[in-house]
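Structure first, commentary second.
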Amino acid sequence: MVRTLIKHEVLRTGPMMGLILGVGTLVLLGSGFLTHLNVPVVSVVFGVFGLFLVGGMWPFVQLVLAVDFWRTSWGRMGYLTHSLPVRGSVILGARLVWGAVIQVIALAWTVLASLAMAYLGGPVFQGDGPAMEEAIPRFLASLGELLPWWQWVLVVLLALFLGWFYLVMFYFAATIGSDPKLAGLGVVGPILAWIASYLVTSILCFGAIFLPIGLTYAGGGLELGLVDTLHAYQVQENNIIPLGWVVAMVVLVVACIPWMVHNWNRRISLR
8 MVRTLIKHEV
18 LRTGPMMGLI
28 LGVGTLVLLG
38 SGFLTHLNVP
48 VVSVVFGVFG
58 LFLVGGMWPF
68 VQLVLAVDFW
78 RTSWGRMGYL
88 THSLPVRGSV
98 ILGARLVWGA
108 VIQVIALAWT
118 VLASLAMAYL
128 GGPVFQGDGP
138 AMEEAIPRFL
148 ASLGELLPWW
158 QWVLVVLLAL
168 FLGWFYLVMF
178 YFAATIGSDP
188 KLAGLGVVGP
198 ILAWIASYLV
208 TSILCFGAIF
218 LPIGLTYAGG
228 GLELGLVDTL
238 HAYQVQENNI
248 IPLGWVVAMV
258 VLVVACIPWM
268 VHNWNRRISL
278 R
């Protein structure tokens, strides 16, 4: 049944995601080409616009998914969703799994879009730099000098978790904001719930930064261990990356998902 639900999510939201990423790709390529023309003012404006597009596409996709999640769970479409012969927690689980898949797609698009902007606005496309067959090996070699490949895999997994975490918090706000006590507020309920969850997340992550766990860059790789984050901040050490905020996010996910499961199973109130 879970596979069927995920397939339904793919068929329902896949075309929408494809349209968003497709239009974003066309706009990005156009911005990159106009940047390459070196037209005064125009190239700068479209270059900045392209950077904003690259940085904003992933959050925009998250927001679109969150709105769709809310509309199809508690709006008029919610009647169809909750009429399925499965527990609400199963439907929620399928949507969280599909949301995780979307994170992979969004990250891949962001990386490829960043490379496209760098290529279209860089010396390689203009014919002033090395050829592509030389530029790509150099770029990969520089990445290998910075971190070993397995640590790059961990960086990618961390980026995917961050994206999925924010999607979970969007879904959490939509779920709690549509609780029977807040359902009468309409869209205001999820907005208030998101503001409250954002404040709690910010406070917890800021406090968790000072947990004595982090990464130290030793040249050629990262090392996990105990770190004095406060001392590193005071002496302005740049080779330490605190990881306490990751611990806080994991704790929040562990706390929020069971809460959502409870609401989906027992506290559904359709508008």
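What the sequence shown shows, in this note's numbering, is residues 8 to 278, in sequence order. The beta carbon of each residue, even a glycine, is placed where N, CA and C say it ideally should be.
*Per DSSP, which one or two residues make a beta bridge with I247?*
T223
*Got a sec? Which residues, its chain only, sit under 7 Å from T117 by beta carbon, not counting five neighbours each side?*
V61, M64 and W65
*Would you mind stating whether Y173 and M267 have Cβ atoms separated by less than 8 Å?*
No, these two residues do not count as a Cβ contact at 8 Å.
*Buried or exposed: which applies to M176, given that a residue is buried once 16 or more other Cβ atoms fall within 10 Å of its Cβ?*
Here M176 is buried: its Cβ has 16 or more other Cβ atoms, across all protein chains shown, within 10 Å.
_Under the three-state DSSP convention, the category G232 falls into_ = In the three-state reduction of the DSSP assignment, G232 falls in the strand class, which pools E and B.
*How big is the Cα-Cα spacing for I216 and T236?*
7 Å
_Nearest-angstrom Cα separation, counted from M24 out to E16_ = Taking the straight line from one Cα to the other gives about 11 Å.
*Report yes if the CB atom of P197 is closer than 8 Å to the CB atom of G221, and no otherwise.*
Not in contact: P197 and G221 (Cβ atoms no closer than 8 Å).
*With C-beta atoms as the reference, is L206 less than 8 Å away from G184?*
no
*Looking at C-alpha atoms only, which residue of P155, L91, A115 and V46 is the closest neighbour of Y224?*
P155
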